[in-house]
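All remarks here apply to the structure that follows.
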Amino acid sequence: MLRSLYRALGDLFAPRIAGVLAISASLSAACFFALWWGLDAVVVGWLGYDAANAPWWLAWLGGSAVLLLAWFTFPLVACAFVALFLERVARLVEARHYPGLHPARGLPLFAALAASARFLVLVVAVNVALLVFGLLPALYPFAWVLGNGWLLGREHFELVALRRLDVAAARDLRQRHRLALLVSGCALAGLSLVPLLNFVAPVLGVAYFVHRAQAWAPAGRS
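In the working numbering, the protein residues as written are 28 to 249.
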């Protein structure tokens with residue numbers, strides 16, 4: 028796992044991958060500020076007060092709550108778009124490290140859009156379930172990392188594996204390595220909460236899982 032992580036970090040500096048990373052980071056930043064603005068509008072409307080004329084402590088409390096909510100929501104929304112540039116990043120990583128591989132059939136655009144939609148549905152379901160931990164604020168960050176780590180590891184790896192394997196084979200591979208994927212997903216979820224690193228986490232995750240997929244690929248099916 029550490030070898031795959033080391034390789035994935037190095038991939039971020041490869042010229043062609045860095046170009047994709049710049050686009051992804053720009054979209055992620057735009058997504059974060061749009062999410063922040065949207066949540067602020069929703070919260071202000073829900074509370075029904077004039078933010079400009081509200082007491083300073085109420086404005087500060089509301090602003091902090093919106094920022095915190097956006098911070099925890101942003102990584103999941105950003106990662107939902109990963110399927111849209113997954114194919115390009117995966118091909119560049121494979122060309123750099125595994126030049127002997129036969130061409131992958133890839134992930135068609137409609138399949139990528141469907142995967143993104145499914146991911147968003149799962150994100151909502153998992154995070155609604157995690158709201159129960161709102162009653163225990165000290166435990167919520169840990170529950171968030173665990174729940175969303177499971178989701179990120181599961182979905183990202185399956186998307187990468189489906190480029191070269193059929194659905195049954197990809198899911199079987201995912202099941203056999205579910206503990207390693209949980210650990211990897213939790214690490215990716217934690218990284219997604221670190222300022223600035225959260226903008227590169229989606230691309231880093233793709234590169235990492237490409238290396239994991241090659242390490243775990245059944246003989247003769249890579």
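Quick reminder that beta carbons are idealized off the backbone N, C-alpha and C, glycines included.
Output yes or no for whether 8 Å exceeds the beta carbon distance between H183 and W243. Here residue 183 corresponds to residue number 156 of the sequence shown, with the count starting at 1. Here residue 243 corresponds to residue number 216 of the sequence shown, with the count starting at 1. Contact flag unset, no.
From the beta carbon of F60, is the nearest beta carbon of chain D less than 8 Å away? No chain D appears in this structure, which consists of one protein chain only.
Any contact of the segment 110–117 with the segment 182–199, i.e. 3+ C-beta pairs under 8 Å? yes
A165 - DSSP class collapsed to helix/strand/coil: If you number the sequence shown from 1, residue 165 lands on position 138. Note: A165 maps to coil in three-state DSSP.
Contact check, V237 vs A41 under 8 Å by CB: the rounded distance? By one-based count along the sequence shown, residue 237 stands at place 210. By one-based count along the sequence shown, residue 41 stands at place 14. At roughly 13 Å, the Cβ-Cβ gap does not stay under 8 Å, so V237 and A41 are not in contact.
For L54, which option in W177, V109, G174 has the closest C-alpha, if you only look at C-alpha atoms? Translated into positions along the sequence shown, residue 54 becomes position 27. Nearest of W177, V109, G174 to L54, Cα basis: V109.
DSSP three-state label for D193, please. Numbered from its first residue, the sequence shown carries residue 193 at position 166. The answer is coil: DSSP assigns D193 none of H, G, I, E or B.
Count Cβ pairs between the segment 225–239 and the segment 30–48 that sit closer than 8 Å; are there 3 or more? yes
Mapping the DSSP letters down to three states, classify R118 as helix, strand or coil. Position 91 of the sequence shown, counted from the start, is the residue given in the question as residue 118. Three-state result, R118: helix.
Helix, strand or coil: how does DSSP classify S219 here? As a working mapping, residue 219 is identified with position 192 in the sequence shown. Looking at S219 - three-state DSSP - the assignment turns out to be coil, as it is neither helix nor strand.
Taking the alpha-carbon positions, what's the L189 to I44 distance? Looking up residue 189 in the sequence shown gives position 162. Looking up residue 44 in the sequence shown gives position 17. For L189 and I44, the distance between alpha carbons rounds to 21 Å.
Taking a contact to mean a Cβ-Cβ separation below 8 Å, would you say G174 touches L215 in this structure? To locate residue 174, count along the sequence shown from 1; it is residue 147. To locate residue 215, count along the sequence shown from 1; it is residue 188. Not in contact: G174 and L215 (Cβ atoms no closer than 8 Å).
With a Cβ-Cβ cutoff of 8 Å, do F160 and A170 count as a contact? To locate residue 160, count along the sequence shown from 1; it is residue 133. To locate residue 170, count along the sequence shown from 1; it is residue 143. In contact: F160 and A170 (Cβ atoms closer than 8 Å).
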